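In what follows, a structure is listed as structure tokens, so that the remarks can point back to it.
There are 2 protein chains.
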Amino acid sequence: MIADHLVTALETITGPAGIKTSEALRAIHPGSDPHNLDAGLMVLPKNVEQVSAIVKLCNDNRIAIVPHGGRTGLAGGAVSRKDEIILSLAALNRIESVEAAAETAIVECGVTLQALQEEAAKVNLTTGIDIPSRGSATIGGMISTNAGGMEAFRLGVMRQRVLGLEVVLPDGSIMSDLAEVTKSNEGYDLKQLFIGAEGTLGIVTRAVIRLTPADTFTATALVACPSAIAAVSLFQALRHDRSLRLLRTEIMGERYFRVAVEALGPASLAAFTEAPIYLIVETEGLDQQGAQSALENALGAAIENELVLDAIIAQSGKERNDIWNIREDSNVITRAYPNGYWFDISVPLQHLDAYIRQFDGGVASLGADVRGFAFGHLGDGNLHICVAGENGNPDKDAVKAVVYANIRQMGGSFSAEHGIGLEKMPELHALVDPVKLALMRTIKRTIDPNNIMNPGKVVS
Amino acid sequence: MIADHLVTALETITGPAGIKTSEALRAIHPGSDPHNLDAGLMVLPKNVEQVSAIVKLCNDNRIAIVPHGGRTGLAGGAVSRKDEIILSLAALNRIESVEAAAETAIVECGVTLQALQEEAAKVNLTTGIDIPSRGSATIGGMISTNAGGMEAFRLGVMRQRVLGLEVVLPDGSIMSDLAEVTKSNEGYDLKQLFIGAEGTLGIVTRAVIRLTPADTFTATALVACPSAIAAVSLFQALRHDRSLRLLRTEIMGERYFRVAVEALGPASLAAFTEAPIYLIVETEGLDQQGAQSALENALGAAIENELVLDAIIAQSGKERNDIWNIREDSNVITRAYPNGYWFDISVPLQHLDAYIRQFDGGVASLGADVRGFAFGHLGDGNLHICVAGENGNPDKDAVKAVVYANIRQMGGSFSAEHGIGLEKMPELHALVDPVKLALMRTIKRTIDPNNIMNPGKVVS
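These protein sequences, in sequence, are chains A and B. In case it helps, our numbering puts the first sequence at residues 1 to 460. In case it helps, our numbering puts the second sequence at residues 1 to 460.
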């Protein structure tokens, strides 16, 4: 536990409303991990100066800090322990500006993705990054985990959306690099170190975000493909089809699709053609009619070319939502298999079919009652995977051996978009280039010599 | 000079063909800076193992290394001195793979941009980054300077085109992070440190580059705008116009345009409507006819809305080349004013008009015979600027005060896309956040404790 005089010192910085313990803390939802609030003490600064003062106090007194955004992270990066403090950035929630022509926004890090999307929409812009947890996930958290989502294949991951950054370093100093321009080469681009560092090198407090023109007229289809090879060929064809703009291509393996559609409905989609691979394809056109007909033509040609078995194009907002719900409510798998092992990998598209075949074969070899579910973002080759047994889980290491087999040789990643946190540390130590790992440790010791920033996460 | 036994040791690594001195070196073009080859000794490794051995030898013997790509850099980053060696990556010039569906290429760092563009074109892809020096500039050099170019507003700068990187660190170890996927979060993204570091932290030897679908049917226009505000509004309108895809929007101030068009011709363009701001707008359409008519419609509407005074749409490849030549042969200014001072700034679009007004006023205040020329990339607010006197140059510090006035307050950058090298070091020290600058120095000392990597550039 943190000594009383230090709690008093923290309260002097934030005021009484900025300290939450016991009852007040128990009223807060712990988020994705039940241990996120275990520290029992949350500090809520209102501005960067307060963040700086808190971090300095903690550094001087060797108190470990666990930064919190929206607590939607899936790798345990926000888990806290008794001798630590939680530094919640929730009160830094101002959208400071949105520039329509420059396509930029300046935000404090506690702003949620959805709040920024809504503000940007007022000038016909959007964030260019979208994830299902948009209502809770904060820009600071998304920067710290380098979030990915559904549009990364064309607009990049969070790292590509950040133009400028303000960071509080572990000694309390404030590094300000708030350029609002795409082109700025002013020495080493140090802000990149803090993007994806999961709060282990400093605290992101403010950012300049690159926005992009909003999609106005979109068409959405559920597509059944005969194979992953066909799905990749369809993706390639749509990327080169100038009659439409490809916005999103989500992928679902047959097993995922069946569990999801049977749990979530509607019956019309549950009755859809059987296939090994399903896609949700979303495209944009010049107007609503043009968007629908361009997608219809493209999918018609793909059926001719045997890349597609069948397709349903949403004819209403409800039909669109029904299709998206199958993909976005992926908790449907957790509800069916609460103890399943989860993974978050990516493989280059030229290897996606081989990876899926290898995965299906590997899961079968784990036991007749073992199930593998895969879904994710086709354009990035990013699959979210759950492996679970109908009668108790198989050995976790055996499962990992299946999921990670050849992932390096294929040029893929064992950690696509959820980060390392606590959960992926064994993989990091086993699979990352040792020269890179050694340099990571050196950088951590150099920037955070007292190891106060989210200790025990990412590097050890 | 390097001691003979060390030259022998270097020759043992590369073989005799890998060492160039005296006559052999004088046969090589020095590139953008006459002092690039001053070291008098160039080593040309053939593969990463040779690079590693050379760097280790140099580190053990405290020999400074100046890495060379295509020697097209504009900030003096490749300048070398007598006691240093030049490490040319020109022989690492293999394109190892191009993946059509995944839109990636794996290349050795000495591959030129144009060679990669030509290879990618075979599968209807392109690099998503383009600069006039494409025939000489290498991928490694473009990574090391974080090159920008004409498409950055929609596809990012070089940093956004790099998926994976192999780097030789100053101790000779090889850091391999050759992920071929958009989504890879495996701890700190250390490759970012080496992108834009201008060879001061290590040597980029291999990269995975993200490609993008090639533009097939394009239309090109020369546009006269009544003001920078109108030009920015036109840019905004074109970004949101779904009947076309905006590829490039280059900007030229009146004074640049006049000097260029009168020197380069043709007469038809020299007779084009007078205006304070000229643009080259390039767009893509569904087919050739569609591309032309969509641009025609968009510019017609812009004339109605008083955003455009006049426009010429190229009707042939020759007309397109004539228009582009005015912008790409910007050496026309150097030929007219060989001693002019050059700058490379960027400002957010909402401040572009204010910046240009301030610049024009500032130049006028420097003397009646002082001329300011500005041109560059409208979408990024990136201006290349030359200030020169008709009768001898004004004081350089006075010119800098004009060019850099309010650039920070506007959220812009004093160093957009050419890098720091030697030339921008005074600006770096004067204008960069001191916390960032201190951390840059710490990082340099940590990674390159013997200061052998391109010493005296970027940080000091």
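Every residue, glycine too, gets a C-beta built ideally from N, C-alpha and C. These numbers were taken from a predicted model, which means no experiment stands behind them.
> Can the beta-carbon of residue 89 of chain A be found less than 8 Å from the beta-carbon of residue 110 of chain A?
Replying inline: It is a contact, given that the beta carbons lie within the stated cut-off.
> Within 10 angstroms of its Cβ, does residue 154 of chain B collect 16 or more other Cβ (buried), or is it exposed?
Replying inline: Within a 10 Å sphere around the beta-carbon of residue 154 of chain B sit 16 or more other beta-carbons, which makes this residue buried.
>> What would DSSP say about residue 360 of chain A, mapped onto helix, strand or coil?
In response: Of the three classes helix, strand and coil, the one that applies to residue 360 of chain A here is helix, per DSSP.
>> Can you find the residues in the same chain that come closer than 7 Å, C-beta to C-beta, to residue 39 of chain B, ignoring five residues on each side of it along the sequence?
In response: Same-chain partners within the cutoff: 66, 80, 81, 82, 84, 85 and 86.
>> Looking at chain A, is there any beta carbon in it that lies within less than 8 Å of the beta carbon of residue 188 of chain B?
In response: A Cβ of chain A is located within less than 8 Å of the beta carbon of residue 188 of chain B.
> Under a three-way DSSP split, which group does residue 425 of chain B fall into?
Replying inline: The answer is helix: DSSP assigns residue 425 of chain B an H, G or I state.
> Looking at the unbroken alpha helix (DSSP H) that takes in residue 444 of chain B, where does it start and where does it end?
Replying inline: For residue 444 of chain B, the enclosing alpha helix (DSSP H) begins and ends at 434–447.
> Any residues in the region 395–411 of chain B with a beta carbon nearer than 7 Å to a beta carbon of chain A? Which ones, in chain order?
Replying inline: Result list: 411.
>> One question on the structure: do residue 170 of chain A and residue 443 of chain A come within less than 8 Å of each other, judged by their Cβ atoms?
In response: Not a contact, by the Cβ cut-off of 8 Å.
> Between the C-alpha atoms of residue 302 of chain A and residue 186 of chain A, what's the straight-line distance to the nearest angstrom?
Replying inline: Roughly 47 Å between the two C-alpha positions.
>> Please confirm whether residue 343 of chain B has its beta-carbon closer than 8 Å to some beta-carbon of chain A.
In response: No, residue 343 of chain B does not count as interfacial toward chain A.
> In terms of residues, what are the limits of the alpha helix (DSSP H) holding residue 254 of chain B?
Replying inline: Unbroken alpha helix (DSSP H) run through residue 254 of chain B: 254–264.
> Can you name, in chain order, every residue of its own chain whose Cβ lies under 8 Å from the Cβ of residue 51 of chain B, other than the five neighbours on each side?
Replying inline: Residues of the same chain with a CB within less than 8 Å of the CB of residue 51 of chain B, apart from the 5 flanking positions on each side, are 45, 87, 89, 92, 168, 203 and 205 in chain order.
>> Quick check: the Cα distance between residue 432 of chain B and residue 436 of chain A, rounded to an integer number of angstroms?
In response: The alpha-carbon atoms of residue 432 of chain B and residue 436 of chain A are separated by roughly 28 Å.
> Do we get a CB-CB distance below 8 Å when we pair residue 292 of chain B with the residues of chain A?
Replying inline: When Cβ-Cβ separations below 8 Å define contact, residue 292 of chain B makes no contact with chain A.
>> Could you check whether residue 439 of chain A and residue 190 of chain B sit closer than 8 Å to each other, using their CB atoms as the reference points?
In response: Against a cut-off of 8 Å, the Cβ pair of residue 439 of chain A and residue 190 of chain B comes out as a contact.
>> Using a Cβ-Cβ distance cut-off of 8 Å, determine whether residue 130 of chain A contacts chain B.
In response: Judged by the 8 Å Cβ criterion, residue 130 of chain A is not in contact with chain B.
> Comparing the C-beta of residue 148 of chain B with each C-beta of chain A, is any distance below 8 Å?
Replying inline: Chain A, which has a Cβ nearer than 8 Å to the Cβ of residue 148 of chain B, makes this yes.
> Do you know how far the Cα of residue 127 of chain A is from the Cα of residue 135 of chain A?
Replying inline: Taking the straight line joining both Cα atoms gives about 14 Å.
> Which of the three DSSP states, helix, strand or coil, is assigned to residue 509 of chain B?
Replying inline: Since the first residue of chain B shown is 1 and the last is 460, residue 509 of chain B is not available in this structure.
>> List, in chain order, every chain A residue whose beta-carbon is nearer than 8 Å to that of residue 181 of chain B.
In response: 346, 347, 348, 380, 381, 382, 411, 412, 413 and 416, listed in chain order.
>> 8 Å is my cut-off, CB to CB: does residue 185 of chain A come that close to chain B?
In response: With 8 Å as the cut-off, residue 185 of chain A counts as an interface residue toward chain B.
>> Given this structure, state the Cα-to-Cα distance separating residue 244 of chain A from residue 289 of chain B, to the nearest angstrom.
In response: Straight-line measurement puts the Cα of residue 289 of chain B at about 17 Å from the Cα of residue 244 of chain A.
> With C-beta atoms as the reference, is residue 130 of chain B less than 8 Å away from residue 149 of chain B?
Replying inline: Cβ atoms of residue 130 of chain B and residue 149 of chain B: closer than 8 Å.
>> Just to confirm the assignment: which complete alpha helix (DSSP H) runs, minimum length 4, are found wholly within the region 146–213 of chain A?
In response: Whole alpha helix (DSSP H) segments, 4+ residues: 152–155, 158–161 and 191–194.
> Taking the alpha carbon of residue 291 of chain A as the point to measure from, which residue in A:247, A:334 and A:275 has its own alpha carbon closest?
Replying inline: Closest by alpha carbon: A:247.
>> Less than 8 Å between CB atoms is the rule here; does residue 248 of chain B satisfy it with respect to chain A?
In response: Not an interface residue.
> Interface residues of chain B around residue 435 of chain A at Cβ under 8 Å?
Replying inline: 169, 173, 174, 175 and 176, listed in chain order.
> Which of the three DSSP states, helix, strand or coil, is assigned to residue 139 of chain A?
Replying inline: In the three-state scheme derived from DSSP, where H, G and I count as helix and E and B as strand, residue 139 of chain A is classed as helix.
>> Ignoring anything shorter than 4 residues, give me the alpha helix (DSSP H) runs that lie fully in the region 26–104 of chain B, in order along the chain.
In response: Runs of the alpha helix (DSSP H) spanning 4 or more residues and lying entirely within the region 26–104 of chain B occur at 48–60, in chain order.
> What does DSSP give as the partner residues of residue 109 of chain B in its beta bridges?
Replying inline: Beta-bridge annotation (DSSP): residue 109 of chain B is not paired with any residue.
> Which residue from B:137, B:344, B:166 and B:222 puts its Cα closest to that of residue 281 of chain B?
Replying inline: Here the closest residue by C-alpha is B:222.
>> Using 8 Å as the threshold, is the C-beta distance between residue 229 of chain B and residue 253 of chain B below it?
In response: Against a cut-off of 8 Å, the Cβ pair of residue 253 of chain B and residue 229 of chain B comes out as no contact.
>> Can you tell me which residues form a DSSP beta bridge with residue 127 of chain A?
In response: Residue 127 of chain A is not bridged to any residue.
> Mind pulling the chain B residues with CB within less than 8 Å of residue 156 of chain A?
Replying inline: Within 8 Å Cβ-Cβ: 156, 160 and 182.
> Tell me, which residues are paired with residue 415 of chain A by DSSP?
Replying inline: Its beta-bridge partners are A:344.
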